[in-house]
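In my numbering, the protein residues as written are 16 to 272.
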């Protein structure tokens, strides 16, 4: 019919959660906060002192903030600086400061819980590279897809990842006529044998041990650059904790390093 229009809409899938043995969530799709700057307001007064404050609060360099501001050509455009979890205490001193040009927006993202103790174990997701996209040879991946880069996120990528849904439909007046539809497939959750409390204790103990060796705290000093530790249930073979040092905070990789 003459006035019919064809549209396509997509429905984003959810990546599966990663849980510990007790059902506590270690990784899931959620919401994070984006700390950014409204240049026209931010640059009005006290610009340098605000840059210093932001750098100290967010634990980033002043040059990082300055370079992002200098790269922006629209003074009314939101300039994202760094992404952090919505529960991060850093947000407390930065809220309700819109008039100063300091803004906090939100976006959907992968959210990791537990901090550095779970960095090597859980890993992280990131934007798919051209090489990864070619190797996957899978129509469900696109150039904008996220993919597991390390740890559990990478090893169980095929289980955790789902597929976006899509629908082709005709708009006829106020009616929508579906032509072709593909249902969204969400990723499957994974439950680990890991005990979160024991994982943290193991990670802390390993780090303390390595630092003690480095400082010459034992009878014989070794050149300890790092180490690893595994705790298992000898009766079942279940891995209860697996620590590695040095490690990292997985949220850094999705929030911006």
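Note that the Cβ used here is the ideal one computed from N, Cα and C, for glycine as well.
Just so we're clear, the structure is a prediction, and the values are computed from it rather than from any experiment.
Would you report the Cα separation of residue 121 and residue 48, rounded to the nearest angstrom?
By one-based count along the chain shown, residue 121 stands at place 106. By one-based count along the chain shown, residue 48 stands at place 33. Cα to Cα, the separation comes out at about 4 Å.
Note the first and the last residue of the continuous beta strand (DSSP E) segment covering residue 120.
Position 105 of the chain shown holds residue 120. Note, residue 120: beta strand (DSSP E), 117–127.
Can you check which of these residues, 181, 243, 25 and 94, is closest to residue 58 by C-alpha distance?
Within the chain shown, residue 58 is the residue found at index 43, counting from 1. Closest option to residue 58, Cα to Cα, is 94.
Quick one: give me the first and last residue of the alpha helix (DSSP H) that residue 211 is part of.
Sequence index remark: in the chain shown, residue 211 carries index 196 (1-based). That run of the alpha helix (DSSP H) goes 211–229.
Below 8 Å CB to CB, which residues in the same chain sit around residue 242 once its five sequence neighbours on both sides are set aside?
On the chain shown, position 227 is the one that residue 242 refers to. Here the set comprises 221, 224, 225, 259 and 260.
Consult DSSP for residue 151 and reduce its assignment to one of helix, strand or coil.
Here residue 151 corresponds to residue number 136 of the chain shown, with the count starting at 1. Helix.
Mind listing, in chain order, the continuous beta strand (DSSP E) runs of no fewer than 3 residues lying wholly within the segment 141–188?
The segment 141–188 contains these whole beta strand (DSSP E) runs: 161–165 and 180–187.
For residue 17, does the three-state DSSP call read helix, strand or coil?
Position 2 of the chain shown, counted from the first residue, corresponds to residue 17. If DSSP states are grouped into helix, strand and coil, residue 17 belongs with coil.
Would you kindly check if the distance between the Cβ of residue 160 and the Cβ of residue 143 is under 8 Å?
Here residue 143 corresponds to residue number 128 of the chain shown, with the count starting at 1. Here residue 160 corresponds to residue number 145 of the chain shown, with the count starting at 1. It is a contact, given that the beta carbons lie within the stated cut-off.
Could you give the distance in angstroms between the alpha-carbon of residue 102 and the alpha-carbon of residue 178?
Here the question's residue 102 lines up with position 87 in the chain shown. Here the question's residue 178 lines up with position 163 in the chain shown. Residue 102 and residue 178: Cα-Cα distance of roughly 29 Å.
Could you spell out where the beta strand (DSSP E) holding residue 43 opens and where it closes?
Position 28 of the chain shown, counting from 1, holds the residue named residue 43. Its beta strand (DSSP E) spans residues 40–52.
Verify whether the separation of the beta carbon atoms of residue 114 and residue 139 is less than 8 Å.
As a position in the chain shown, residue 114 is number 99, starting the count at 1. As a position in the chain shown, residue 139 is number 124, starting the count at 1. No, they are not a contact pair.
Can you give me the Cβ contacts of residue 24 inside the same chain, cut-off strictly under 8 Å, excluding the 5 residues immediately before and after it?
By one-based count along the chain shown, residue 24 stands at place 9. Excluding positions up to five away in sequence, the list reads 181, 182 and 184.
Using the three-state DSSP reduction, which class does residue 23 fall into: helix, strand or coil?
Within the chain shown, residue 23 is the residue found at index 8, counting from 1. Note: residue 23 maps to strand in three-state DSSP.
Looking at the unbroken alpha helix (DSSP H) that takes in residue 191, where does it start and where does it end?
Residue 191 sits at position 176 when you count from the first residue of the chain shown. Unbroken run through residue 191 is the beta strand (DSSP E), 190–197; no alpha helix (DSSP H).
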